[in-house]
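A short worksheet on the structure shown next.
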Amino acid sequence: MLAVFALVLFAGFVALGTWQVKRLAWKRDLIERVDQRVHAPPVAAPGPGQWAHVTAEADEYLRVRLTGEFLHDRQTLVWAATDLGSGYWVVTPLKMADGAIVLVNRGFVPTDWCALRKQCPAGPSGEVTVTGLLRISEPSVMLRRNDPAQNRWYTRDVTAIASARGLQRVAPYFVDADADAAATPAANGQRSWPVGGLTVISFPNNHLVYLITWYLLALMVAAAAFYVGREEYRLRRRARAGANRSP
Numbered sequence: 026m027l028a029v030f031a032l033v034l035f036a037g038f039v040a041l042g043t044w045q046v047k048r049l050a051w052k053r054d055l056i057e058r059v060d061q062r063v064h065a066p067p068v069a070a071p072g073p074g075q076w077a078h079v080t081a082e083a084d085e086y087l088r089v090r091l092t093g094e095f096l097h098d099r100q101t102l103v104w105a106a107t108d109l110g111s112g113y114w115v116v117t118p119l120k121m122a123d124g125a126i127v128l129v130n131r132g133f134v135p136t137d138w139c140a141l142r143k144q145c146p147a148g149p150s151g152e153v154t155v156t157g158l159l160r161i162s163e164p165s166v167m168l169r170r171n172d173p174a175q176n177r178w179y180t181r182d183v184t185a186i187a188s189a190r191g192l193q194r195v196a197p198y199f200v201d202a203d204a205d206a207a208a209t210p211a212a213n214g215q216r217s218w219p220v221g222g223l224t225v226i227s228f229p230n231n232h233l234v235y236l237i238t239w240y241l242l243a244l245m246v247a248a249a250a251f252y253v254g255r256e257e258y259r260l261r262r263r264a265r266a267g268a269n270r271s272p
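Heads up: the sequence shown begins at 26 in this note's numbering, then just goes up one per residue.
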């Protein structure tokens, strides 16, 4: 029975280690593909005919370009924590010539960005061209759930924001604008807000550690089984030897 248990453990640990080998290859491929997208020249953002086929695996962090007019009266401030401190992402609808709308995260602003001016300053007017990274809609989180009724936003949930702002024909993704791509022009020597280009691209890659751990556990099980089996063999051999010497 002990041998069967050891065999099951050994096979399980080897299977988990092999799975992590595959996960490691997948993660490295993902990182390479995302790196290529981020540093590639911008391409046209997916239009309405392509929206149904946009996926995180195939399109997230794709560098895109889009042209239209900002609807500043329908922008949304989403809570954010960045290297510049705590504040908000300024998410503004961009209406394109065909009437389709893409939510653009114009960048980060401090918490007093609106308060010091009694109202949030409007951004670029007229037709603008924005470049940035395509991002997939972020669902609301359990601990800090979006509250549209109170205008409290913690994630860039495209569907929820579009519904709260009464927007139609909205892309299922949003775009993180590049640095200064959609900022409000600075005045009197002050810093230009919002600050774009703050997208954090980080993929935890601990699969090598995991696969080593699983394979080591398999090796330890094999070593323990060998030791127990050897000791069991010695005990039985002694027992037989003793029985043979008995009168």
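Glycine included, each C-beta is placed from N, C-alpha and C at the ideal position.
Pairwise C-alpha distance: residue j and residue i
i, j, result
"F38", "Y240", "6 Å"
"G124", "Q193", "9 Å"
"H64", "T154", "19 Å"
"L223", "L102", "16 Å"
"W114", "A202", "11 Å"
"G151", "E57", "37 Å"
"A189", "L96", "14 Å"
"G254", "V46", "30 Å"
Residue i and residue j closer than 9 Å at C-beta
i, j, result
"V129", "P146", "no"
"P219", "W138", "yes"
"R99", "G191", "yes"
"P197", "A185", "no"
"T80", "G112", "no"
"F35", "V246", "yes"
"A70", "V200", "yes"
"A250", "L32", "yes"
"G42", "A243", "yes"
Which of helix, strand or coil DSSP assigns to residue i
i, result
"S24", "This structure does not reach residue 24, given that the chain is present from 26 up to 272, and the question cannot be answered."
"P126", "The sequence shown places Ile at residue 126, rather than the Pro named in the question. Strand, per DSSP."
"D182", "coil"
"D172", "strand"
"R99", "helix"
"T224", "coil"
"P149", "coil"
"Y198", "strand"
"G93", "strand"
Cβ shell of residue i (< 7 Å), same chain only, five flanking positions each side left out
i, result
"L49", "H232, L233, L236"
"E85", "L159, R160, I161"
"R262", "none"
"F30", "none"
"W76", "A196, P197"
"L109", "F133, V220"
Contacts around residue i, its chain only, beta-carbon distance under 6 Å, and the 5 residues preceding and following it disregarded
i, result
"V195", "I126, A187"
"P67", "R88, V89, R90, T156"
"T107", "F133, L223"
Close-in-space but distant-in-sequence residues of the same chain around residue i (CB under 8 Å, 5 per side omitted)
i, result
"D182", "S162, E163, P164, S165, N171"
"V122", "A quick correction: the sequence has Ala, not Val, at residue 122. Closer than 8 Å at Cβ, skipping near neighbours: T92, G93."
"Y179", "V103, W104, S165, V166, R169, R170, N171"
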